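For the sequence shown, my numbering begins at 9 and goes up steadily by one. C-beta atoms are modelled at their ideal positions from N, C-alpha and C, and glycine is treated no differently. Since the structure is predicted, the reported quantities are computational estimates derived from the model, not experimental observations. In what follows, a single structure is set out as structure tokens and then discussed.
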Amino acid sequence: MQLTISRTELVRVIAAVSRVVESRNILEILSSLRLTAKDGLLTVTATDLTIIAEARAEADIKVDGDVCVDAKLFNDIAKKAGSNDVSLTLDDDKLIVKSGRSRFSLKTLEARDFPSFGDDNYGEEFTADLSSLLGAVAFASGTNDIREMLNGVLLRSLNGKLVAVATDGHRLARVSGEEAPAFEDIIIPSKAVTVIPKGEVTVGVSEEKLRVVGDDISIVTKLIGLVYPEYERVIPTQNDKVFTVDRDEMMRAADRVVTVSSEKSKSVRLSIAPGSIQFSARSEAGEAADEVAAEYSGEPIEYGLNSLYLRDMLHALPQGKARFALSEAMSPAVITGENDNWDGVLMPLRVA
Numbered sequence: 009m010q011l012t013i014s015r016t017e018l019v020r021v022i023a024a025v026s027r028v029v030e031s032r033n034i035l036e037i038l039s040s041l042r043l044t045a046k047d048g049l050l051t052v053t054a055t056d057l058t059i060i061a062e063a064r065a066e067a068d069i070k071v072d073g074d075v076c077v078d079a080k081l082f083n084d085i086a087k088k089a090g091s092n093d094v095s096l097t098l099d100d101d102k103l104i105v106k107s108g109r110s111r112f113s114l115k116t117l118e119a120r121d122f123p124s125f126g127d128d129n130y131g132e133e134f135t136a137d138l139s140s141l142l143g144a145v146a147f148a149s150g151t152n153d154i155r156e157m158l159n160g161v162l163l164r165s166l167n168g169k170l171v172a173v174a175t176d177g178h179r180l181a182r183v184s185g186e187e188a189p190a191f192e193d194i195i196i197p198s199k200a201v202t203v204i205p206k207g208e209v210t211v212g213v214s215e216e217k218l219r220v221v222g223d224d225i226s227i228v229t230k231l232i233g234l235v236y237p238e239y240e241r242v243i244p245t246q247n248d249k250v251f252t253v254d255r256d257e258m259m260r261a262a263d264r265v266v267t268v269s270s271e272k273s274k275s276v277r278l279s280i281a282p283g284s285i286q287f288s289a290r291s292e293a294g295e296a297a298d299e300v301a302a303e304y305s306g307e308p309i310e311y312g313l314n315s316l317y318l319r320d321m322l323h324a325l326p327q328g329k330a331r332f333a334l335s336e337a338m339s340p341a342v343i344t345g346e347n348d349n350w351d352g353v354l355m356p357l358r359v360a
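And the structure:
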């Protein structure tokens with residue numbers, strides 16, 4: 009291997025895939041990046057055995073090559089390179105990295121030992137802005153939940169359109185997107201969602217994997233092979249108490265009052281009355297209250313929420329009005345915004 013590449017491009021392709029690499033690995037090869045120089049392109053590949061991510065950049069290649077180097081070390085060297093160009097040369101079992109007057113000699117591993125998934129049948133492919141779709145709901149997915157299916161985002165083809173859903177049992181978010189061919193429901197691991205290329209991509213779905221191909225970044229991820237809960241059952245439809253409030257005003261008011269809260273959940277009480285909502289929180293340290301205008305004409309009701317979950321839910325909405333619909337103090341709240349392709353559900357809290 010012998011090549012020269014722009015430092016900016018090298019940093020870009022490393023950053024695009026390095027999130028896949030786990031910080032601690034028993035197998036040394038899993039802490040490595042695979043560097044493949046061929047046909048005028050440097051391809052950088054990373055894997056954690058669940059996801060394989062590749063990023064490509066143009067390079068001036070004198071000699072083709074294929075080798076693995078430590079991911080963290082190579083990333084640090086690339087970011088600190090002393091000139092606009094970086095040269096990579098394989099010398100026996102060492103990768104020589106030069107930039108300006110700097111020179112590094114790195115230990116390498118055999119590329120043939122780097123894991124691969126092999127070929128698969130991905131059926132009818134389609135294009136979509138998958139990163140934006142999944143990103144609109146991913147905040148609601150579980151984290152290290154014992155119910156493994158919740159540690160990911162459900163992707164469906166429903167009535168000819170993409171639908172993404174995420175829930176951790178305390179909150180739920182759902183969004184619909186572009187048209188897509190029919191495929192079986194799949195659950196995409198949360199980590200894979202974070203490395204899907206941005207913008208329009210080509211998507212292929214097989215029985216066990218998802219393939220996403222962008223202009224110069226592509227990933228293949230294994231799927232969570234379990235059945236997703238029947239989430240529709242937790243979305244209430246008989247909601248007679250409906251109020252509308254400015255999204256940003258609500259976020260700011262909730263954030264101000266929970267300053268006094270010492271709870272992990274940062275619980276907040278909403279006193280909903282015609283024309284206004286009062287936010288309040290209390291702890292041993294003190295009490296706080298705030299108020300915002302609201303469009304509501306029903307009976308007064310007291311309602312408790314996890315303010316952190318509320319903040320995440322409101323962030324997912326566009327600026328403007330947020331609509332809340334519920335039936336009673338301990339019933340789930342259905343939240344929608346000014347676009348009609350996204351909705352969310354928040355479970356209530358008992359607030360003293």
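Chain D contact for residue i (CB, 8 Å cutoff)
{"i": "ALA24", "result": "Looking at the structure shown, chain D is missing, and only one protein chain is on hand."}
Beta carbon of residue i nearer than 8 Å to that of residue j
{"i": "LEU357", "j": "ILE343", "result": "no"}
{"i": "ALA262", "j": "VAL276", "result": "yes"}
{"i": "VAL77", "j": "ALA119", "result": "no"}
{"i": "ILE225", "j": "GLU62", "result": "yes"}
{"i": "ALA341", "j": "ALA330", "result": "no"}
{"i": "VAL21", "j": "LYS87", "result": "no"}
{"i": "ILE154", "j": "PRO197", "result": "no"}
{"i": "SER279", "j": "GLU310", "result": "yes"}
{"i": "PRO326", "j": "GLU346", "result": "yes"}
{"i": "PHE122", "j": "ILE37", "result": "yes"}
{"i": "LEU162", "j": "TYR236", "result": "yes"}
{"i": "THR252", "j": "ALA302", "result": "yes"}
{"i": "LEU234", "j": "ILE195", "result": "yes"}
CA-to-CA distance, residue j to residue i, given in whole angstroms
{"i": "VAL29", "j": "SER40", "result": "8 Å"}
{"i": "GLU295", "j": "MET259", "result": "18 Å"}
{"i": "LEU98", "j": "TYR130", "result": "36 Å"}
{"i": "TYR317", "j": "ARG179", "result": "7 Å"}
{"i": "PHE82", "j": "VAL266", "result": "43 Å"}
{"i": "LYS106", "j": "ASN33", "result": "28 Å"}
{"i": "GLU192", "j": "GLY108", "result": "53 Å"}
{"i": "LEU103", "j": "ARG111", "result": "10 Å"}
{"i": "VAL228", "j": "VAL145", "result": "21 Å"}
{"i": "GLU238", "j": "ASP84", "result": "45 Å"}
{"i": "GLU133", "j": "SER214", "result": "10 Å"}
{"i": "LYS274", "j": "ASP351", "result": "23 Å"}
{"i": "GLY126", "j": "ASP320", "result": "38 Å"}
{"i": "LYS217", "j": "ASP56", "result": "14 Å"}
{"i": "ASN349", "j": "ILE243", "result": "15 Å"}
{"i": "SER315", "j": "ARG264", "result": "10 Å"}
{"i": "LEU35", "j": "SER124", "result": "15 Å"}
6 Å Cβ shell around residue i - same chain, five flanking residues per side excluded
{"i": "ALA45", "result": "MET9, LEU11, ILE69, ASP72, GLY73"}
{"i": "SER139", "result": "ILE204, LYS206"}
{"i": "ALA190", "result": "SER165"}
{"i": "GLY150", "result": "LEU158, ASN159, ASP176"}
{"i": "ALA282", "result": "Here residue 282 is Pro; the residue named in the question, Ala, does not match the sequence. So the qualifying residues of the chain are TYR304, SER305."}
{"i": "SER95", "result": "THR12, LYS106"}
{"i": "PHE147", "result": "ASP320"}
{"i": "ALA174", "result": "VAL145, ALA146, ALA148, SER149, VAL161, ALA181"}
{"i": "GLY168", "result": "GLU187"}
{"i": "ARG219", "result": "TYR130, GLY212, VAL228"}
Strand pairing of residue i, partner residues [DSSP]
{"i": "SER95", "result": "THR12, LYS106"}
{"i": "ASN167", "result": "Note: ASN167 sits in no beta bridge, so no partner."}
{"i": "GLU379", "result": "No answer is possible for residue 379: it lies beyond the span of the chain, which begins at 9 and ends at 360."}
{"i": "VAL75", "result": "LEU43, GLU118"}
{"i": "ARG319", "result": "Bridge partners of ARG319: none, in fact."}
{"i": "GLU62", "result": "THR53, SER226"}
{"i": "ASN247", "result": "In the DSSP output, where bridge partners are listed per residue, ASN247 has none listed."}
{"i": "GLU217", "result": "Per the sequence shown, residue 217 should be read as Lys rather than Glu. Partner(s): LYS230."}
Chain-order list of residues whose beta-carbon lies under 8 Å from that of residue i (same chain, five-residue window excluded)
{"i": "ALA136", "result": "LEU170, GLY185, GLU186, ALA188, GLU208, VAL209, VAL211"}
{"i": "ARG15", "result": "ALA86, ALA89, SER91, ASN92, ASP93, VAL94, SER107"}
{"i": "GLY143", "result": "VAL201"}
{"i": "GLY328", "result": "ASP254, ARG255, GLY345, GLU346"}
{"i": "GLU307", "result": "LYS249"}
Same chain, Cβ closer than 7 Å to residue i, five either side skipped, listed in chain order
{"i": "GLN246", "result": "SER335"}
{"i": "LEU141", "result": "LEU170, ALA172, VAL183, GLY185"}
{"i": "ALA293", "result": "VAL268, SER270"}
{"i": "GLU257", "result": "VAL300"}
{"i": "VAL221", "result": "VAL209, THR210"}
{"i": "LYS230", "result": "THR58, GLU216, LYS217"}
{"i": "MET338", "result": "PRO356"}
{"i": "ALA79", "result": "SER26, VAL29, SER39, SER40, LEU41, ALA54"}
For this session: Inspect the CB distances between the segment 48-66 and the segment 10-26 and report whether three or more fall short of 8 Å.
Result: The segment 48-66 makes contact with the segment 10-26, as at least three CB pairs between them are under 8 Å.
Exercise. Counting Cβ pairs closer than 8 Å, one from the segment 282-293 and one from the segment 111-127, do we hit at least three?
Worked result: The segment 111-127 and the segment 282-293 do not touch, with fewer than three beta-carbon pairs separated by less than 8 Å.
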